[in-house]
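The structure appears right after this line, and notes come after that.
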Ligand code: SRM
Ligand code: SF4
């Protein structure tokens, strides 16, 4: 399917309806068409096939082993015990596991064509939704995971929920297809209080949908809110990140950061990851309108002919930052705009273990290996554990941006019961784990992801076992070091701002990026174009040994790397496609030439 045709498809889809209902109803079809599959994304689902058996089935001249991934979204990762149990039951009929995502969502894999309607229906009846979890719209809004009961965190969660409602696409197609036209849960029905002047300017020219018009956005759009100093949502990787400015314990306003995004293609210089840049500051009462102005500017100026060049980061580049700023301001008549505030973050990590919420209750952030909630043979029984806590203690959960799970609202007298259930199922607290292991994440990749070039989720734990040994041997087990992996360069595991990342190129071959930061505020650069899986720990060791030898007292890996290797320099587009050694050689050559 050509890239332009996705635009045509949306335009002619009658509110993202297309032929989805007919194709799902047709039991003679083993799978749905490419057109329906592209539209289906907006409803929160991807058509996939089991790639582990693809070759074997093709040899045997069998059809692919088709199924669907269904993604539920909930702003800030909040899930009630009942919603969790509904997802748990649904996954029993699919692949038998839940995948917590690093945007605080939940994915079910392996849903059969005949079962998808029941899944979406049940998710909606639990008060959650899959609408807009994927597709060319605003995705799940991320927010700080920690359920701290102060004014700042409470208001931030409220804002994430407001964004979620405000940017839902509006069409009866979702209800008609999945809910037999039933009116959807008021929890996520339209509830907006727009500034009428702003609405007049940002209203789509001729569309059905007040924000998205008839062709929706040129590409996905991601929003996340971070409360300093914690950058768990990786605010610089969002299309639009927000950071509240707190005065006397209350939020006075927000700095908007724009243009983050991590997708790229190996070796294609026109594509690259980007960290967002602060655009402006607005008072709290204007922040939702300001974000809508950013979204609609992207709607109207984003590239609609090349999907590889359609994210906001490229729109900013094309328009120029100043022009983009001016256009956003033009869409906010009568709203006072200020320069961004100074921002400071210390980590993207989750604060694992037990903590106080600030209202007398407790929360416990539990490590889930790669976000995969399953019962592992000889390992933690994650699924059984969280189902039991939800069933017996009725406690809500929060999916963290590192794909871990927080058990929230725990009364002090329930703490022992929670600990007992965790222990009974072998779900460890993180005593004895290296600090690097606690935050390491790999994207899903094989066998379900249709785009993966190599393994990721299934192999990172094994690589981490070896890296852990090295860290312990060098006495670095408590150092903040961010390690991420992806099965292809699309960047789902947010690899390009990690200290180390391994990005799939082909089976067992990875590009090795080094030099991001645990604070999430610096991009890494390409160190080696290709390393074999088994070479990864050895390559990492070389850096760790140099760090140990050269670090200054208290210096973390990211700062050592910055001081000694990149010397505070801004990353260049080349950095993602040309190996460090090659760049360094070129640079040395240029210096020799200049001197000669
Ligand atoms: Fe992603 C596509 C999984 C977060 C960038 N992502 C995919 C698909 C749907 C593959 C596909 O298009 O066929 C993957 C489904 C695999 C599967 O079998 O489940 C997939 N992405 C994921 C998740 C589950 C990875 C995880 O380890 O948790 C995350 C789901 C988040 C959610 O709940 O919404 C996930 N994806 C991300 C992130 C990180 C983030 O959003 O914070 C990124 C980088 C940030 C960004 O968007 O720039 C990301 N995913 C992509 C891209 C590249 C986009 C681009 O601008 O080029 C694709 C491919 C595409 O859109 O064409 C993609
Ligand atoms: Fe799939 Fe690539 Fe995303 Fe990993 S990074 S989930 S392999 S699209």
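Numbering (the working numbering), first residue to last: 989 to 1584. All C-beta atoms in this analysis are idealised placements derived from N, C-alpha and C, irrespective of residue type, glycine included.
Rounded to whole angstroms, what is the Cα-Cα separation between residue 1478 and residue 1432? So the two alpha carbons sit approximately 12 Å from each other.
For a test of your reading of the model: does the CB of residue 1445 fall under 8 Å from any non-hydrogen atom of the ligand SRM? Yes or no. Yes - the ligand SRM has a heavy atom lying nearer than 8 Å to the Cβ of residue 1445.
Limits of the unbroken alpha helix (DSSP H) element including residue 993: Secondary structure note for residue 993: its alpha helix (DSSP H) is the uninterrupted segment 991–999.
How about residue 1058 and residue 1081: are their beta carbons less than 9 Å apart? In terms of Cβ geometry, residue 1058 and residue 1081 do not form a close pair [threshold 9 Å].
Taking just the CA atoms, how far does residue 1482 sit from residue 1298? A straight line joining the alpha-carbon of residue 1298 with that of residue 1482 spans about 19 Å.
Please name the residue in 1221, 1117, 1265, 1271 whose C-alpha comes closest to that of residue 1238. Selected option, being the one with the closest Cα: 1271.
Range of the contiguous beta strand (DSSP E) that encloses residue 1056: 1054–1060 is the extent of the beta strand (DSSP E) around residue 1056.
Residues in its own chain within less than 7 Å of residue 1136 by CB, not counting five upstream and five downstream? The answer, listed in chain order, is 1345, 1346.
Nearest by alpha-carbon distance to residue 1025: which of 1009, 1038, 1040 is it? Closest option to residue 1025, Cα to Cα, is 1009.
Keeping to the same chain, check which residues put their C-beta closer than 6 Å to that of residue 1212; ignore five residues upstream and five downstream. Once the five neighbours on either side are set aside, the close Cβ partners of residue 1212 are 1130, 1221, 1223, 1226, 1229.
Along the chain, where does the alpha helix (DSSP H) that runs through residue 1304 open and close? Boundaries of the alpha helix (DSSP H) around residue 1304: 1300–1307.
Whole angstroms is fine: what's the gap from residue 1256's alpha carbon to residue 1445's? Straight through space, the alpha carbons of residue 1445 and residue 1256 are spaced by roughly 25 Å.
From residue 1302 to residue 1563, what does the alpha carbon distance come to, in whole angstroms? C-alpha separation (whole angstroms): 17 Å.
On the three-pair Cβ rule with 8 Å, is the stretch 1369–1383 touching the stretch 1437–1451? Verdict: no, contact absent.
In the DSSP output, which residue or residues are listed as bridge partners for residue 1335? Looking at the DSSP output, residue 1335 sits in a beta bridge with 1218.
Decide if residue 1280 is buried, meaning its Cβ has at least 16 other Cβ atoms within 10 Å, or exposed. Counting of Cβ neighbours within 10 angstroms places residue 1280 among the buried residues, the total reaching 16 or more.
Spatially closest choice to residue 1151 from 1401, 1283, 1122, by CA coordinates: Checking every option, the nearest Cα to that of residue 1151 belongs to 1283.
The beta strand (DSSP E) with residue 1473 in it runs from where to where? Judged by DSSP secondary structure, residue 1473 falls within the beta strand (DSSP E) whose first and last residues are 1471–1474.
Cα separation between residue 1285 and residue 1277? Here the alpha carbons of residue 1277 and residue 1285 stand approximately 12 Å from one another.
Could you have a look at residue 1251 and say whether DSSP puts it in helix, strand or coil? Note: residue 1251 maps to coil in three-state DSSP.
Could you name each continuous alpha helix (DSSP H) segment of 4 residues or more that falls completely within the stretch 1408–1465, going from the start of the chain to the end? The stretch 1408–1465 contains these whole alpha helix (DSSP H) runs: 1423–1427, 1448–1461.
Could you tell me which residues DSSP puts in a beta bridge with residue 1326? Residue pairing of residue 1326 in beta bridges, as defined by DSSP: 1269.
Tell whether a beta-carbon distance below 9 Å holds between residue 1421 and residue 1355. Cβ atoms of residue 1421 and residue 1355: closer than 9 Å.
In chain order, what residues of the same chain lie with their CB nearer than 8 Å to the CB of residue 1045, ignoring the 5 residues before and after it? Within the same chain, and ignoring the five residues on either side of residue 1045 in sequence, the residues whose Cβ sits closer than 8 Å to its Cβ are 1051, 1052, 1053.
Helix, strand or coil at residue 1480 [DSSP, three-state]: In the structure shown, residue 1480 sits in coil (DSSP, three-state: anything other than H, G, I, E or B).
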